[in-house]
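Q: Residue numbers (the working numbering), protein chains in the order written: chain A, 5 to 117; chain B, 1196 to 1307. Below you'll find the structure I mean.
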Amino acid sequence: KNEVEQSPQNLTAQEGEFITINCSYSVGISALHWLQQHPGGGIVSLFMLSSGKKKHGRLIATINIQEKHSSLHITASHPRDSAVYICAGLTLYSGGGADGLTFGKGTHLIIQP
Amino acid sequence: DVKVTQSSRYLVKRTGEKVFLECVQDMDHENMFWYRQDPGLGLRLIYFSYDVKMKEKGDIPEGYSVSREKKERFSLILESASTNQTSMYLCASSWLLAYEQYFGPGTRLTVT
């Protein structure tokens, strides 16, 4: 069974701090999806990556395939970044099919002014 | 922009009622998904569909069924609602299974 472990579970930081959220995943997962969920429920896709690094504004996602590890970084954090961040692993099969996402339990991030 | 909409944001139903949750996407996506989200358990896949009239069970299909008669619409059905089905239900869609998923706003269902 595929597994995705996220850490930390909760993170409180001051505005301006550099934030790192970590995600480790099991063999069989080929790509990682980072999601953001604000209070109220809406989920937004941030990144999907299977190698290297992606950047969007103050958000950076990296993945190390050998170590089966991905990180989400937030630079110059702001109170509006407060949300739950979820990583999810996707399994791709050689025949072209894929499985549904396997989700981590999420990291609850609070950025204080 | 991809838009995924769900029929209700909040729903209250009684035990034993049949409940329909509808999801519509406007980007001609092949794949649609239903998840439930519970505190401490994260998101769990109930069912997904990779084509009209095609469906696959996810991790927790018991007590649920689905229907996909048209490509843009994916319905989740609770045949006889129970209190342990009180949860946030999220629908998502994607172009291909390997592509990122786009989520709807969620339906918070309470079964009393």
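Built from N, CA and C at the ideal position, the CB exists for glycine as well.
Within the same chain, show all residues whose beta-carbon is closer than 6 Å to that of Ser-30 (chain A), passing over the 5 residues directly before and after it, in chain order.
A: Asn-6, Glu-7
Q: With a 10 Å radius around its C-beta and 16 neighbouring C-beta atoms as the bar for buried, classify Met-52 (chain A) as buried or exposed.
A: Burial check for Met-52 (chain A): the Cβ neighbour count within 10 Å reaches 16 or more, so the residue is buried.
Q: Comparing C-alpha positions only, which one of A:Asn-68, A:Arg-62, A:Ile-69, A:Leu-76 sits nearest to Arg-84 (chain A)?
A: A:Arg-62
Q: Out of B:Asn-1279, B:Phe-1243, B:Val-1207, B:Leu-1304, which one is the CA nearest neighbour of Leu-1291 (chain B)?
A: Each of B:Asn-1279, B:Phe-1243, B:Val-1207, B:Leu-1304 was checked against the Cα of Leu-1291 (chain B), and the nearest Cα belongs to B:Phe-1243.
Q: Measuring only between beta-carbons, confirm whether Phe-1298 (chain B) sits less than 8 Å from chain C.
A: Among the chains of the structure shown, chain C does not appear; the protein chains present are A and B.
Q: Please determine if the region 17 to 30 of chain A and the region 1269 to 1279 of chain B are in contact, where contact requires at least 3 C-beta pairs separated by less than 8 Å.
A: no
Q: Determine the closest residue to Thr-1307 (chain B) out of B:Tyr-1297, B:Gln-1296, B:Thr-1281, B:Phe-1298, with distance taken between C-alpha atoms.
A: B:Thr-1281
Q: Tell me the DSSP secondary structure of Gly-100 (chain A) in three-state form.
A: Annotation note: pLDDT 49 at Gly-100 (chain A) (below 50); position unreliable, coordinate value reported separately. Gly-100 (chain A) falls in the coil class under three-state DSSP.
Q: Hey, how far is the Cα of Val-1219 (chain B) from the Cα of Glu-1212 (chain B)?
A: 23 Å
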